[in-house]
Amino acid sequence: MAYGDKDTFVPRAVSFERYADGTEVPHLAIRVFRNGVYRGYVEVHAHRVSDDSISIGVTSRLETEHRP
2 MAYGDKDTFV
12 PRAVSFERYA
22 DGTEVPHLAI
32 RVFRNGVYRG
42 YVEVHAHRVS
52 DDSISIGVTS
62 RLETEHRP
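Per our numbering, the very first residue in the sequence shown carries number 2; after that it's consecutive.
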């Protein structure tokens with residue numbers, strides 16, 4: 002990142018994954034731009050766990066053309 006660069010996060014709509022037992026977990030994709038140019042995305046997602054705790058995962062893909 003150079004001086005004067007502008008990074009921007011653009012969140013997408015929250016989506017949900019539904020397991021066979023009816024459990025739903027959220028996914029939130031956030032697109033990343035630098036100076037208005039798409040650079041990749043970050044995804045925050047929950048995982049189902051057996052002990053009723055909350056497991057949160059983060060996936061980041063930068064310098065990719067893939068858009069969630």
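Every residue, glycine too, gets a C-beta built ideally from N, C-alpha and C.
These figures come from a predicted structure and were not determined experimentally.
Checklist entry - Does the region 36-44 come within contact of the region 17-24, defined as at least 3 CB pairs closer than 8 Å? => result No, the region 36-44 does not touch the region 17-24.
Checklist entry - Going by alpha carbons, who is nearest to E66 out of H46, A3, V11 and R40? => result Measuring from the Cα of E66, the nearest candidate turns out to be R40.
Item to check | Proximity of V59 and V45 at Cβ, strictly below 8 Å | outcome: Yes.
Next on the checklist: By alpha-carbon positions, which one of D53, D6, K7 and P12 ends up nearest to R68?
Outcome noted: Closest option to R68, judged by alpha-carbon separation, among D53, D6, K7 and P12: P12.
Checklist entry - In angstroms, rounded to a whole number, what distance separates the CA positions of V26 and A14? => result Each residue's Cα considered, the two are about 14 Å apart.
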